[in-house]
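Just so we're on the same page, the working numbering is the position in the sequence shown counted from 1, plus 1.
Positions of the beta carbon are idealized from the N, C-alpha and C atoms, including for glycine.
To keep things clear, I will list the structure first and then write my remarks on it.
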Amino acid sequence: MLKLNGCRILASMNNLTSTQTMARVAANALPIYRGYRGFATAERLKSDMQDPADRTWQFARRVAFDASTDMADGVLARIAGATILGGFLDQMADKFWYHLPVRQLVKNGELSHYHEDLPLSRDIGGTAIRLWKLSQGRSADAKRSGKDKYIIQATALTSICSPMAVIAPDLVRSLFDISVGLSVVSGYEMLRDVNNILDEYSAEVPVLQTVSRLLDSQLDAIAA
């Protein structure tokens, strides 16, 4: 009886390990797919979908599906356990999936440069900080503002890739404006995180205490 129970436990452990392995493979594969889709979407916005009048709901559904893979790989990453590689792939995929089409839309004259520059600057800094946190074994989960930003960005990009680009262009542009605002808010919270990290290490490296105080005063001035 004891031997039978032991075999069952070993079998369960093997199944769990197998499930985690499969989840990790899928969690790493989905971001690669999403990043590739960013190139594909940008290319279509440059060619057959360059004219907003030619955009279809089918094209928009594909963009929306690509966006949904971010939630899927997030669930899989929780099952398999967060890794530096997984975090890097996820972050890079988000940049390619969103910023490449937006860059093309700026070239098309549908969006302004600030729709591209401000979110991209925030995302590059955010990626560096999240990867550093993962390397230190810290939690790198996105904050509420970061999650809201992605949802609005996905909604905005899906909308501009649909007939809504012609039906309600002002509404679509407003969605991109909101996403820029959320990028600024998320960037502010990210700088607060940096300041907290500097505070932790200031005892070991005195110069960081001065940097932390300067950053803290600037952030307080922004908040005021």
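Give me the Cα-Cα distance between residue i and residue j, rounded to the nearest whole angstrom.
i	j	result
Q154	F177	7 Å
Y189	R45	34 Å
G182	S19	43 Å
S48	L101	14 Å
D67	R193	31 Å
P120	G138	26 Å
R62	G126	30 Å
V186	S69	23 Å
Relative to the C-alpha of residue i, which residue among the options is closest?
i	options	result
T22	G82, R56, A65, P53	G82
K96	K150, D194, S113	K150
Q59	T128, I161, D124	I161
S180	T42, S146, A169	S146
N196	I130, S184, I168	I130
S184	A73, I152, I198	I152
Taking the alpha helix (DSSP H) that residue i falls in, what are its first and last residues?
i	result
L135	114–136
G147	145–161
A166	165–168
Leaving out the 5 sequence neighbours to the left and right, which residues in its chain are closer than 6 Å to residue i when beta-carbon positions are compared?
i	result
A94	P32, R35, G36
L77	A24, A27, A28
L90	N29, P32
T128	Q92
Among the residues of its own chain, which have a CB less than 8 Å from the CB of residue i, if the five just before and after it don't count?
i	result
V107	S113, H114, H116, E117
F40	F97, L101
Q51	N109
With hydrogens ignored, establish whether the beta-carbon of residue i is closer than 7 Å to any heavy atom of the ligand MN.
i	result
L135	This structure lacks the ligand MN; in fact it carries no ligand of any kind.
message: Please give the ranges of any alpha helix (DSSP H) in the region 5–86, keeping only runs that are unbroken, at least 4 residues long and fully inside the region.
response: Within the region 5–86, the complete alpha helix (DSSP H) runs of at least 4 residues are 58–81.
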